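Accompanying notes for the structure given below.
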Amino acid sequence: MALSVVLNVNLHQSLLQRQLCKSTHYTRSSGTRFTGANLILDGVASITPNGLLELTNGPARLKGHAFHPTPFHFHKNNRTLQSFSVTFIFAIYCIHTDICGHGIALVISARNNFSDAMPSQYMGLINSYNNGNASNHFFAVELDTNDNDEFKDIDNNHVGIDINGLDSVNSRSAGYYDDNNGYLAPEVARTSKATPLTDVFSFGIFVLEVICARKPIEQTLQDRQLILVDWVLDCWRKGLITDAVDIRLQGAYNVNEARLMLKLGLLCSHPFINRRPTMREVMHYLNGNMSLPYQLTPADNSFSMLSLMQNKGFDLTSMILIANDK
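Each residue of the sequence shown is one higher than the last, beginning at 1 in UniProt numbering.
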């Protein structure tokens with residue numbers, strides 16, 4: 001369930017508020033826009049003439065919310081919880097260079113009426129007396145641009161996980177991170193365009209990094225680059241895929257689970273974007289609801305992700321897909 005949105009946010013205080021619905025996309029030929037979207041807006045939130053969602057418009061101490069009109073039911077039945085993903089592009093624009101607002105938040109809530117919430121440091125979610133109340137019934141991911149001692153903020157530029165209040169249960173500083181260390185999908189280098197399946201590639205690399213306890217790209221003693229994907233695939237080609245598991249575990253792990261994770265990591269980091277699974281499918285594989293539909297195997301003696309990275313393209317003969325695995 002992917003929700004792609006584009007935001008243009010002029011903030012002194014604003015909020016992106018969501019009650020999610022299934023498979024919702026707002027698109028037009030020039031890109032993803034909110035034109036014609038049946039959103040529930042309140043406060044000063046509005047849709048601009050060019051289709052962007054503007055949550056606040058400049059003056060101080062304002063709030064704006066944008067809700068999807070259809071609630072999302074997380075319980076498919078009494079035993080199964082549904083997963084979802086949300087993607088949005090946003091901009092926080094400050095009119096004055098020395099003063100700005102408090103950020104935005106993506107919120108999952110049991111209600112869409114936040115008329116009692118206050119702007120500014122309260123982010124349109126709470127007021128001065130109900131912070132942390134269990135009756136608030138919301139989960140939020142805040143993109144906080146102000147250091148507020150009242151809510152124990154870690155700095156003035158962080159991501160926080162909030163439950164029923166703004167004292168984040170977990171938070172990390174935001175920043176710029178170089179994505180040239182093995183997490184960048186080959187097609188991005190070739191086209192300069194990212195898609196949700198680009199993130200799947202990065203997830204696959206991360207899975208392999210955790211299972212193998214190795215960096216995506218390492219320098220060997222011979223001063224050569226070792227590409228983690230290539231190395232794991234080579235272990236598989238030799239029939240020794242579990243040799244790629246972190247040696248510090250000394251065999252104390254579930255072999256079948258390790259094989260699944262290694263193969264899933266390779267599948268997610270497939271160089272061909274149309275061969276990668278969606279994150280919904282990934283969750284089915286991890287939960288055991290689905291078997292991996294296909295596995296990778298080298299078509300010759302060497303599959304080199306490094307060569308693809310260097311050439312910024314694909315060697316179509318370097319990989320094949322087979323239906324069965326040993």
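Note that beta-carbon positions come from the ideal geometry of N, C-alpha and C, so glycine has one too.
Nothing here was measured: the structure is a model prediction, and the numbers come from that model.
Query	Result
Out of Thr-70, Asp-243, Pro-216, Phe-90, point me to the one whose CA is closest to Gly-204's CA.	Pro-216
How many whole angstroms separate the CB atoms of Leu-228 and Glu-209, which I take to be in contact at a CB cut-off of 8 angstroms?	7 angstroms
Rounded to the nearest angstrom, how far is the Cβ of Arg-259 from that of Thr-242, given a contact under 8 angstroms?	6 angstroms
Return the CA-CA distance between Tyr-285 and Lys-76, expressed in angstroms with no decimal places.	18 angstroms
Any idea what DSSP makes of His-158, helix, strand or coil?	strand
Taking the alpha helix (DSSP H) that Asp-230 belongs to, which residues open and close that run?	228-237
Would you mind stating whether Asn-164 and Asn-133 have Cβ atoms separated by less than 8 angstroms?	yes
Buried or exposed for Ser-83, going by 16 or more other Cβ atoms inside 10 Å?	exposed
From the DSSP secondary-structure annotation, give me the bridge partner or partners of Arg-172.	Val-159
Check Ala-45 in the structure and name its three-state DSSP category.	coil
Which residues does DSSP pair with Ser-109 in a beta bridge?	Phe-138
Here's the rule I'm using: 16 or more other beta-carbon atoms within 10 Å means buried, otherwise exposed. How should Val-282 be labelled?	buried
Taking DSSP as the reference, what is the three-state secondary structure of Asp-199?	helix
Any contact between the region 186-203 and the region 145-153? By contact I mean 3 or more CB pairs, one from each, below 8 angstroms.	no
What residue from Leu-53, Pro-271, Pro-49, Thr-278 has the CA that sits closest to Ala-91's CA?	Leu-53
Pull up the CB-CB distance for Ile-273 and Leu-197, whole angstroms please, since I reckon it's below 8 angstroms.	5 angstroms
Helix, strand or coil, according to DSSP, for His-65 in the structure here?	strand
Consult DSSP for Leu-260 and reduce its assignment to one of helix, strand or coil.	helix
Note down the Cα distance separating His-73 from Ala-45, rounded to an integer number of angstroms.	25 angstroms
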